[in-house]
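Inspection log for the structure reproduced underneath, given as C-alpha cells.
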Amino acid sequence: MADTLTITDNRTGKTYEIPIADGTIRATDLRQIKAGPDDQGLATYDPAFMNTAACRSRITFIDGDRGILMYRGYPIEQLAERSTYLETAYLIIFGELPTATQLQQWVREITYHTMLHENIKKLMEGFQYDAHPMGVFLSTVGAFSTFYPDAKKIFDEKSRLKQIHRLIAKVPTIAAYAYRHSIGRPYVYPDNDLSFTGNFLNMLFKMTELKYQVNPVLERALDVLFILHADHEQNCSTSAMRNIGSSHADPYSSMAGAAAALYGPLHGGANEAVLRMLTEIGSVANVPAFIKRVKGGEGRLMGFGHRVYKSYDPRAKIIKQTADQVFEVTGRNPLLEIALELERIALEDEYFISRKLYPNVDFYSGLIYQAMGFPVEMFPVLFAIPRTSGWIAQWEEMLLDPEQKIARPKQIYTGARRRDYVPLPDRQG
Ligand code: CMC
Numbered sequence: 162m163a164d165t166l167t168i169t170d171n172r173t174g175k176t177y178e179i180p181i182a183d184g185t186i187r188a189t190d191l192r193q194i195k196a197g198p199d200d201q202g203l204a205t206y207d208p209a210f211m212n213t214a215a216c217r218s219r220i221t222f223i224d225g226d227r228g229i230l231m232y233r234g235y236p237i238e239q240l241a242e243r244s245t246y247l248e249t250a251y252l253i254i255f256g257e258l259p260t261a262t263q264l265q266q267w268v269r270e271i272t273y274h275t276m277l278h279e280n281i282k283k284l285m286e287g288f289q290y291d292a293h294p295m296g297v298f299l300s301t302v303g304a305f306s307t308f309y310p311d312a313k314k315i316f317d318e319k320s321r322l323k324q325i326h327r328l329i330a331k332v333p334t335i336a337a338y339a340y341r342h343s344i345g346r347p348y349v350y351p352d353n354d355l356s357f358t359g360n361f362l363n364m365l366f367k368m369t370e371l372k373y374q375v376n377p378v379l380e381r382a383l384d385v386l387f388i389l390h391a392d393h394e395q396n397c398s399t400s401a402m403r404n405i406g407s408s409h410a411d412p413y414s415s416m417a418g419a420a421a422a423l424y425g426p427l428h429g430g431a432n433e434a435v436l437r438m439l440t441e442i443g444s445v446a447n448v449p450a451f452i453k454r455v456k457g458g459e460g461r462l463m464g465f466g467h468r469v470y471k472s473y474d475p476r477a478k479i480i481k482q483t484a485d486q487v488f489e490v491t492g493r494n495p496l497l498e499i500a501l502e503l504e505r506i507a508l509e510d511e512y513f514i515s516r517k518l519y520p521n522v523d524f525y526s527g528l529i530y531q532a533m534g535f536p537v538e539m540f541p542v543l544f545a546i547p548r549t550s551g552w553i554a555q556w557e558e559m560l561l562d563p564e565q566k567i568a569r570p571k572q573i574y575t576g577a578r579r580r581d582y583v584p585l586p587d588r589q590g
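Each step along the sequence shown adds one to the number in our numbering, with nothing skipped, and position 308 is 469.
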C-alpha cells in the first residue's frame, strides 16, 4: 500500500488521503480540504521556510544531525583532501567528476576567461575609496548583464555554458579589483601560468616584482576553503538565486541578488562578524563575561549555530586542520586563543548544548583569512567566489526542472479590511 496521510476535517467530517513521497506531502494536495464553496482550501504557513521543501535537487546532501555534507554523493572530507576547487566546481555543475581531458579543457576555459572588460575596470573605479568590497562585488556582477546581453538566452545550452565559464573565471578578478581599489593600488591583470587560487593571490598581493611567487601552502589552503564553500543546498543566497532566476532573469542579475543575500551578517557576512566579535572581546580573560552577555540575549555568538547542522559543522572540522597548516607559515593569529576559549566554554555550557549550537564554517575561516593578509571586509567576498559554482548549478537545475515555475509564496493577509478613502481635511490626528 502506498504511503498516505489520512486527514479528517473536524469542520466537515470529511476524510482525505494525502500521498506521502520522499517524506513530504504536496502542499497543493491540501487545497482540496475545503469547509465550504468559498473556502480556497487549506494552505500551509511556514515563515522562513522552516519545514518546506521548495525543490528537488541532486546537487548537495546534508544530514544536519550527523554532520554529513556531500556534493553529488562525494563526502566533503574526501573532496577537501583530494580534489581542487575547479574540479569540485565541475562536479557540482555537471554532476560527475571530470575525466582528465574534460578537466584539462575546463581549467583551460576558466583560465582564458579571467580578464575583465576595460569598461568594467572604469565602472569599478567610480566607487568610493572606502566602498565595502562586497557592495562593489555584487554591483559589478549585476553590471555584467549589460556587458553580456547574450546571457538572456537562458534556454540555450551553449549560451549558458559560456556564462558559466565567464562567471567562475571572472569572480576572482572582480574580487581582487575590489580589494586593490579599496587600498588604492593598481589592478593586477590575471596570470594564466598560475592556478585558480594562485592567480587570485597574485591579483591581490602582487607588488612590483615581475612574477608573483605563490606560497604553495596558502594556495592549497585557499583552494580547500573554496571547496568547502562551493555549495550548501537551499540556503538564503541560493534560494535568492533560484527565486530571481525563476522569473527568467539572466544569470548575472540573478547572481547579483544571491550575492546581496550572502552579504548579510547572518549568512556570508558571519565570518566578518566573527572577526569583529573576537577583536571586541580582546582577551581570553573577557570570554566568560561575553558568553554571559550572549546568554542574556545581548547579541549572538557569531560563527555558532546553523539552521541545518545540529552537531559540529563538518566544514568547521576541516577548517580547523587547515588553520594549523596556515599558521605554520604565517604565524599564529593572536585571536585564535580567544576563539578556542569561546568554543571550549560554549561546548560545555547548557545554553549552547540545549540549543545544539556548535561552531559553523565561519567560526575559524576568518582567522585563516586574516592570517593570510585579507582585511575583514574581504571575507564575504571570499565566500562568494566559490559559492558562484553552487549558485550556477542550482540556477541551472531550477531552469531545467519541469516542475518549477516563477516563485510566488502565499501570504496570510492581516491588514485592514475594506474601507473607504478619507479626504485629507477629514482625517483625524
Ligand atoms: N548565539 C547565541 N544564541 C543563538 C545563536 C548564536 N549564534 N544562534 C542561535 N541562537 C539561539 C537563538 O537565540 C534561539 O534561542 P531561543 O530558542 O532561546 O530563542 C535558538 O538558538 C534558535 O535560534 P534561531 O535563530 O531560531 O535559529 P535559526 O536556525 O533561525 O538561525 C543562524 C540559524 C545561523 C542564523 C543562527 O544560529 C545565527 O544567527 N548564528 C550566528 C550567525 C552565523 O554564524 N551565521 C553563519 C551561518 S553558517 C554560514 C552560512 O551558511 O551562511
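All C-beta atoms, glycine included, are put in the ideal place defined by N, C-alpha and C.
Per-residue DSSP class, three states only, for residue i
i	result
Ala410	coil
Glu557	helix
Asp392	coil
Ile194	coil
Ile506	helix
Ile186	coil
Ile229	strand
Tyr340	helix
Pro495	coil
Tyr235	strand
Pro377	helix
Pro520	strand
Asn404	helix
Met539	helix
Tyr585	Contrary to the premise, residue 585 reads as Leu rather than Tyr in this sequence. Reduced to three states, the DSSP call for Leu585 is helix.
Gly425	coil
Asp384	helix
Thr575	coil
Assigned exposure category for residue i - 16 Cβ within 10 Å defines buried
i	result
Ala477	buried
Met416	buried
Met285	buried
Ile329	buried
Ile539	Reading the sequence as shown, one finds Met at residue 539 and not Ile. Classification of Met539: buried, given that the 10 Å Cβ count is 16 or more.
Met438	buried
Gly287	exposed
Gly445	Before going further, note that residue 445 is Val rather than Gly in the sequence given. Exposed.
Gly430	buried
Phe210	exposed
Where the beta strand (DSSP E) containing residue i begins and where it ends
i	result
Leu166	Thr165 to Thr169
Thr176	Thr176 to Pro180
Span of the alpha helix (DSSP H), counted from its first residue to its last, around residue i
i	result
Thr272	Ala261 to Thr272
Phe361	Phe357 to Phe366
Pro220	The sequence given here places Ile at residue 220; Pro does not occur at that position. From DSSP, Ile220 is part of no alpha helix (DSSP H); its letter is neither H nor E.
Met285	Glu279 to Glu286
Thr249	Tyr246 to Phe255
Arg437	Ala431 to Ile442
Val469	Val469 -> no alpha helix (DSSP H), and no H or E assigned at all.
Tyr348	Looking at the DSSP string, Tyr348 is not in any alpha helix (DSSP H), and its letter there is neither H nor E.
Tyr512	Glu511 to Ser515
Ala304	Pro294 to Phe308
Ala215	Per DSSP, Ala215 belongs to no alpha helix (DSSP H) and is neither H nor E.
Pro449	Val448 to Lys456
Closest residue to residue i among the options (Cα-Cα distance)
i	options	result
Glu394	Leu386, Phe387 and Arg403	Arg403
His278	Gln263, Thr260 and Val302	Val302
Gly184	Ala163, Pro198 and Ile194	Ala163
Pro495	His467, Ser407 and Ile529	Ile529
Met533	Phe305, Leu365 and Met276	Leu365
Trp552	Ile194, Thr205, Asp207 and Ser218	Ser218
Leu497	Thr399, Gly443 and Ile388	Gly443
Met276	Phe524, Arg578, Gly458 and Pro333	Pro333
His342	Arg548, Phe298, Leu371 and Ala577	Phe298
Tyr348	Ala261, Lys319, Thr483 and Ala336	Ala336
Ile220	Pro236, Pro198, Ile253 and Glu242	Ile253
Val542	Val469, Ala391, Glu441 and Glu502	Ala391
Arg321	Thr483, Gly418 and Ala410	Ala410
Gln486	Leu383, Gly590, Pro180 and Tyr246	Leu383
Ile405	Ala434, Ile479 and Ile315	Ile315
Ala419	Ser400, Leu436 and Leu462	Ser400
Thr358	Ile506, Ala568 and Pro547	Pro547
Lys367	Ile388, Tyr340 and Phe387	Tyr340
Residues surrounding the ligand CMC [beta-carbon distance to nearest heavy atom under 6 Å]: His393, Asn396, Leu427, His428, Gly429, Ala431, Val455, Arg461, Leu462, Met463, Gly464, Phe465, Gly466, His467, Arg468, Arg516, Leu518, Asn521, Val522 and Asp523
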